[in-house]
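Here the sequence shown stands for residues 0 to 122, numbered as in numbering that gives the first Met the number 0.
For reference, the structure discussed in these notes is given below.
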Amino acid sequence: MQKKRGSKPSGPYEAYIIHVEHEDDFYFIPEGICIVGEEYRYLVYSLDSLHNFLRAGLLKFPLSELLSDGVTFRNAQIKLEDLQSYRITHGLEDVSVEELLSFLYVAEPTKYHFLERSLHNNV
Numbered sequence: 000m001q002k003k004r005g006s007k008p009s010g011p012y013e014a015y016i017i018h019v020e021h022e023d024d025f026y027f028i029p030e031g032i033c034i035v036g037e038e039y040r041y042l043v044y045s046l047d048s049l050h051n052f053l054r055a056g057l058l059k060f061p062l063s064e065l066l067s068d069g070v071t072f073r074n075a076q077i078k079l080e081d082l083q084s085y086r087i088t089h090g091l092e093d094v095s096v097e098e099l100l101s102f103l104y105v106a107e108p109t110k111y112h113f114l115e116r117s118l119h120n121n122v
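Next up, the structure:
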């Protein structure tokens with residue numbers, strides 16, 4: 000299941016891939032997408048089982064730390080990857096959140112498997 004909180008931004012937004020290196024693991028895997036809209040409201044698109052963990056981790060630390068080396072939160076490493084250059088490269092600067100998520104899922108469905116339910120429920 001997917002969870003998202005709050006309302007989708009109607010204006011400009013920033014988008015990030017949420018990478019997590021779980022305890023006793025050796026590599027980061029994408030576990031969610033974070034959308035930051037007006038007034039720095041965070042929307043997290045992930046599996047239900049990780050939603051509260053990811054959201055709590057994102058809200059606890061400054062964006063600058065999450066984007067640089069990442070942070071340790073509840074025995075896991077969380078790191079954000081800015082999608083701005085990806086959006087520019089693929090002509091996605093001015094698309095809606097739904098269009099961005101759909102593009103990501105269609106381009107790499109295995110990597111972004113956690114978006115499937117959101118897309119089928121019209122985000």
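The beta-carbon is built from N, C-alpha and C at its ideal position, and this holds for glycine as well.
Being a predicted model, the structure only gives us computed values, none of them experimental.
**Request:** For R54, count neighbouring C-beta atoms within 10 Å of its own C-beta (all shown protein chains included) and say buried if the count is 16 or more, exposed if not.
**Result:** buried
**Message:** Buried or exposed, going by whether 16 or more other CB atoms sit within 10 Å of the CB of I34?
**Reply:** buried
**Request:** Within the same chain, show all residues whose beta-carbon is closer than 7 Å to that of Y104, passing over the 5 residues directly before and after it, in chain order.
**Result:** Y111, L114, E115 and L118
**Asked** Which of the three DSSP states, helix, strand or coil, is assigned to F72?
**Response** strand
**Prompt:** So what does DSSP say about G56, is it helix, strand or coil?
**Reply:** helix
**Request:** Kindly indicate which residue of G10, V19 and Y12 has the alpha-carbon position closest to the one of L65.
**Result:** V19
**Prompt:** Three or more beta-carbon pairs under 8 Å between the stretch 93-102 and the stretch 24-31, yes or no?
**Reply:** no
**Request:** Less than 8 Å between the CB atoms is what I'm expecting for I16 and P8, so what's the real figure, rounded?
**Result:** Rounded, the Cβ-Cβ distance is 17 Å, inconsistent with contact.
**Request:** Thinking Y69 and K78 are a contact (beta carbons under 8 Å), I'd like their distance in whole angstroms, please.
**Result:** What sits at residue 69 in the sequence shown is Gly, not Tyr. Rounded, the Cβ-Cβ distance is 3 Å, consistent with contact.
**Asked** How many angstroms separate the CA atom of I87 from the CA atom of P61?
**Response** 25 Å
**Beta-carbon contacts of R4 that lie in its chain and below 6 Å, excluding the five residues immediately before and after** = The predicted model places R4 with a pLDDT of 46, which falls under 50 and marks its position as unreliable; any figure quoted below should be read in that light. None.
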